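Under this note's numbering, the first residue of the sequence shown carries the number 1, and numbering increases by one thereafter.
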Amino acid sequence: MGTQCLLIDGGGRLGGELRVQGAKNSALPLLAASVLCRGETVFHNCPRLSDVFAACRILTCLGCRCRMEEHSVVVTNDEIACTSVPDELMREMRSSIIFLGAVLGRTGSCMLSLPGGCVLGPRPIDMHLDALRRLGAVITDQHGIITATAPIGLHGARVTLPFPSVGATENTMLAAVTAKGETVILNAAREPEIRDLAAFLNRCGAKIRGAGESRIEIEGVEKLHGCTYSVMPDRIASVTYLSAAAATGGTICLTNTAPQEYDAVSAVFEEAGCRVYGYQDRMYLHAPTSLRPVNRIRTMPYPGFPTDAQAIVMAALCCAKGTSVFEERIFESRYKHVDDLNRMGADIQVSGATAVVRGVPKLYGAKVRATDLRGGAALLIAGLAAEGQTELSALSHIDRGYEEIETAFRALGAQIRRTERGEEDRICRMS
Ligand code: EPZ
Numbered sequence: 001m002g003t004q005c006l007l008i009d010g011g012g013r014l015g016g017e018l019r020v021q022g023a024k025n026s027a028l029p030l031l032a033a034s035v036l037c038r039g040e041t042v043f044h045n046c047p048r049l050s051d052v053f054a055a056c057r058i059l060t061c062l063g064c065r066c067r068m069e070e071h072s073v074v075v076t077n078d079e080i081a082c083t084s085v086p087d088e089l090m091r092e093m094r095s096s097i098i099f100l101g102a103v104l105g106r107t108g109s110c111m112l113s114l115p116g117g118c119v120l121g122p123r124p125i126d127m128h129l130d131a132l133r134r135l136g137a138v139i140t141d142q143h144g145i146i147t148a149t150a151p152i153g154l155h156g157a158r159v160t161l162p163f164p165s166v167g168a169t170e171n172t173m174l175a176a177v178t179a180k181g182e183t184v185i186l187n188a189a190r191e192p193e194i195r196d197l198a199a200f201l202n203r204c205g206a207k208i209r210g211a212g213e214s215r216i217e218i219e220g221v222e223k224l225h226g227c228t229y230s231v232m233p234d235r236i237a238s239v240t241y242l243s244a245a246a247a248t249g250g251t252i253c254l255t256n257t258a259p260q261e262y263d264a265v266s267a268v269f270e271e272a273g274c275r276v277y278g279y280q281d282r283m284y285l286h287a288p289t290s291l292r293p294v295n296r297i298r299t300m301p302y303p304g305f306p307t308d309a310q311a312i313v314m315a316a317l318c319c320a321k322g323t324s325v326f327e328e329r330i331f332e333s334r335y336k337h338v339d340d341l342n343r344m345g346a347d348i349q350v351s352g353a354t355a356v357v358r359g360v361p362k363l364y365g366a367k368v369r370a371t372d373l374r375g376g377a378a379l380l381i382a383g384l385a386a387e388g389q390t391e392l393s394a395l396s397h398i399d400r401g402y403e404e405i406e407t408a409f410r411a412l413g414a415q416i417r418r419t420e421r422g423e424e425d426r427i428c429r430m431s
């Protein structure tokens with residue numbers, strides 16, 4: 001059996017309506033948060049992704065019962081029987097680190113190893129550990145094995161994050177909700193996923209104020225109970241489909257989306273000449289035949305332009321009529337998609353944190369390989385816009401964040417199918 005790949009016959013305009021999946025980056029901390037909730041918790045609008053399945057396996061390993069039916073996950077959690085997460089589960093995804101705050105908060109101890117996830121440059125967890133220490137945790141890191149205990153329980157504290165890290169904010173919130181006394185997080189991340197996590201925890205009995213702002217106040221409560229909660233829509237998946245429409249001169253409408261959560265990206269699409277219109281949970285985009293270049297796109301913490309949209313929007317601007325400039329300010333190594341975009345005929349030069357994208361008249365189909373989740377999505381978008389066939393491999397990266405991406409794009413009229421590489425080779429040999 002060969003490895004799977006996507007075969008994309010590019011050149012057609014995308015058009016039609018698509019319902020956007022629930023947010024991966026919200027579902028994962030929410031599933032971790034369910035460790036804190038006694039009884040049954042039901043999550044609706046949960047995307048069916050390999051990272052979500054990995055989070056469910058971690059929950060099971062901790063002693064929770066966890067089942068996924070369609071897009072709902074039911075977690076039953078009466079007792080946490082185990083407080084360590086096996087290394088192979090930790091390596092599957094970066095967000096496994098969020099279990100640290102939750103398990104520690106619930107049981108007073110936790111052992112896990114350093115997490116995996118997309119390789120976007122160094123991804124330390126120092127801010128997570130420092131914040132938990134402020135709340136009274138005693139933490140050791142021995143050759144990548146993190147052991148955390150709270151011998152006299154966790155207590156509220158003032159935690160100032162050196163950078164508004166999404167994960168460190170989530171971990172601190174999870175540890176603080178059942179700590180004794182009040183915690184104030186300063187310079188907290190303001191991403192919509194933080195608001196979603198706080199809304200869920202408050203529904204379970206927590207007392208959190210200010211989520212979505214730089215200062216979050218948490219009054220510790222004794223325990224949390226389960227509830228039913230619907231995961232917010234995925235803003236980066238939304239931006240991916242919009243960018244593909246922009247790249248192909250298409251017109252699409254998204255439903256189950258929250259347009260106000262990606263204003264910074266919509267502004268870029270407008271600058272590139274697209275007409276965008278968001279209303280309630282719908283977003284409409286109409287693209288011109290060719291895009292205008294965009295002056296300078298600098299990735300920033302929310303509400304700035306998201307780093308997760310950098311590669312995705314770059315793919316659309318490869319064929320703009322002029323030069324666009326990107327500045328990656330969040331991760332050190334997030335231009336791995338550039339080599340393959342250039343292989344498809346793009347003209348992109350990277351120097352440190354800056355990428356200069358000179359618009360070319362056309363991209364051409366090629367054999368390319370995803371190196372990370374959003375970089376893989378960028379290559380897919382380029383394949384949709386290119387002339388000829390693109391073969392995109394290493395799909396495990398893409399499957400971590402997009403539910404059946406080929407089905408979603410086919411609904412928008414794309415010519416795309418998933419196949420086994422071996423199968424294609426066999427067909428070629430026979431013909
Ligand atoms: C979250 O990662 C997202 N992942 C990422 O999504 C996203 O790119 C990122 O936030 C930024 O928006 C999930 O939500 C599961 P950070 P996270 O902590 O929490 C440095 C995607 O494609 N840092 O805000 O890991 C870090 O190295 C992905 O869906 C430290 O130095 O991001 C980075 O440069 C990938 N020490 C910056 O902060 C720390 O202890 C931002 O990281 C923590 C972070």
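Even for Gly, the Cβ is constructed at its ideal location relative to N, Cα and C.
The structure presented is a predicted model; accordingly, all values stated were derived computationally and were not measured.
Count the other C-beta atoms from every protein chain shown that fall within 10 angstroms of the C-beta of residue i, then say buried if there are 16 or more, exposed otherwise.
i: R417; result: exposed
i: D263; result: exposed
i: G144; result: exposed
i: E332; result: exposed
i: R334; result: buried
i: D196; result: buried
i: D78; result: exposed
i: D234; result: buried
i: M1; result: Confidence at M1 is low in this model, with a pLDDT of 40, below 50, so its placement is unreliable and the value that follows should be read with caution. M1 is exposed by the Cβ-count criterion.
i: P361; result: exposed
i: F99; result: buried
i: E69; result: exposed
i: L89; result: buried
i: I152; result: exposed
i: E403; result: buried
i: P81; result: Checking the sequence shown, residue 81 turns out to be Ala, not Pro. It counts as exposed.
i: V138; result: exposed
i: E17; result: exposed
i: T3; result: exposed
i: N171; result: buried
i: G322; result: exposed
Taking only three categories from DSSP, how would you classify residue i?
i: A272; result: coil
i: C56; result: helix
i: M314; result: helix
i: P397; result: Contrary to the premise, residue 397 reads as His rather than Pro in this sequence. Three-state DSSP puts H397 in a helix.
i: I145; result: strand
i: F331; result: coil
i: S26; result: helix
i: I194; result: helix
i: Y302; result: coil
i: C110; result: strand
i: G161; result: The question names Gly, yet the displayed sequence has Leu at residue 161. Coil at L161, not helix or strand.
i: P233; result: strand
i: G278; result: strand
i: R421; result: helix
i: R123; result: coil
i: Q21; result: coil
i: R410; result: helix
i: I381; result: helix
i: I297; result: strand
i: I405; result: helix
i: G365; result: coil
i: M173; result: helix
i: H155; result: strand
i: R67; result: strand
i: A84; result: The sequence given here has Ser at residue 84, not Ala. Note: S84 maps to strand in three-state DSSP.
Taking residue i and residue j to be in contact with their CB atoms under 8 Å, please state how far apart those CB atoms are, rounded to whole angstroms.
i: D399; j: V368; result: With a Cβ gap of about 16 Å, D399 and V368 do not count as contacting.
i: R190; j: P301; result: 7 Å
i: G359; j: C318; result: 7 Å
i: T41; j: V20; result: Actually they do not touch by this definition, with Cβ atoms about 23 Å apart.
i: M127; j: L174; result: Their Cβ separation, rounded to whole angstroms, is 14 Å, which puts M127 and L174 out of contact at 8 Å.
i: L373; j: L14; result: Incorrect: roughly 21 Å between the Cβ atoms, too far for contact.
i: M344; j: A382; result: 5 Å
i: G10; j: G365; result: 6 Å
i: G105; j: L36; result: 6 Å
i: G220; j: A168; result: Wrong, their Cβ atoms sit about 19 Å apart, outside the cutoff.
Mind checking if residue i is an interface residue toward chain D, Cβ cutoff 7 Å exclusive?
i: V103; result: Reference to chain D is not applicable here, since this structure consists of a single protein chain.
With DSSP as the reference, identify every bridge partner of residue i, one or two as the case may be.
i: D347; result: R358
i: Q389; result: D9
i: M283; result: L254, G278
i: F43; result: V73, Y229
i: E445; result: There is simply no residue 445 to check, as the chain begins at 1 and stops at 431 in what is shown.
i: A224; result: A quick correction: the sequence has Leu, not Ala, at residue 224. In DSSP, L224 forms a bridge with C37.
i: I139; result: A148
CB of residue i to nearest heavy atom of the ligand PLP: below 6 Å?
i: N187; result: Absence of the ligand PLP is noted for the structure shown, with the ligand EPZ being the only ligands found.
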